[in-house]
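One structure below.
Numbering (UniProt numbering), first residue to last: 1 to 115.
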């Protein structure tokens, strides 16, 4: 349908104007301070859970280890075992990281034609 001559023609949209150089606010940025606070809160939560664990496991048990025998609270014995397991896993991980770094260093030193 053609517009009538007595009606004003609608204005055509203008081409997109250039946007200002300032960035629009979007998601909040992650900062080191924010990450530190998150780590502190997570650590505090783990600490609270650990205190509850110790309070609930105060029974004394007899522990035998490498010829040593003695009474130890159950919570402490389990905590020591968990920490020792974590240390062993960390040592194994560190050894693997050193192996991978040495392999990468050798690969960088070897000329491409010798590969």
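Just so you know, even glycine gets a beta-carbon here, dropped at the ideal spot from N, CA and C.
Assign residue 75 to one of two classes, buried (16 or more other C-beta atoms within 10 Å of its C-beta) or exposed (fewer than that). Per the 10 Å Cβ criterion, buried.
With residue 67 as the anchor, note down where its beta strand (DSSP E) starts and where it stops. Where residue 67 is concerned, there is no enclosing beta strand (DSSP E), given that its DSSP letter is neither H nor E.
Cα-Cα separation between residue 44 and residue 106, rounded to whole angstroms: Distance from the CA atom of residue 44 to the CA atom of residue 106, rounded to whole angstroms, is 43 Å.
How about residue 72 and residue 83: are their beta carbons less than 8 Å apart? No.
Segment limits, alpha helix (DSSP H) that includes residue 38: Residues 32-56.
Under the DSSP definition of a beta bridge, which residues are partnered with residue 83? Per DSSP, residue 83 has no beta-bridge partner at all.
For residue 71, write down the residues that DSSP places opposite it in a beta bridge. For residue 71, which the question treats as bridged, DSSP gives the partners 62.
Considering Cα atoms alone, identify which of 104, 92, 110 and 79 is closest to residue 50. With respect to the C-alpha of residue 50, the residue from 104, 92, 110 and 79 having the closest C-alpha is 79.
Would you report the Cα separation of residue 32 and residue 42, rounded to the nearest angstrom? Roughly 15 Å separates the two Cα atoms.
Identify, in the order they occur along the chain, each residue of the same chain with its Cβ nearer than 8 Å to the Cβ of residue 77, setting aside the five sequence neighbours on each side. Once the five neighbours on either side are set aside, the close Cβ partners of residue 77 are 61 and 63.
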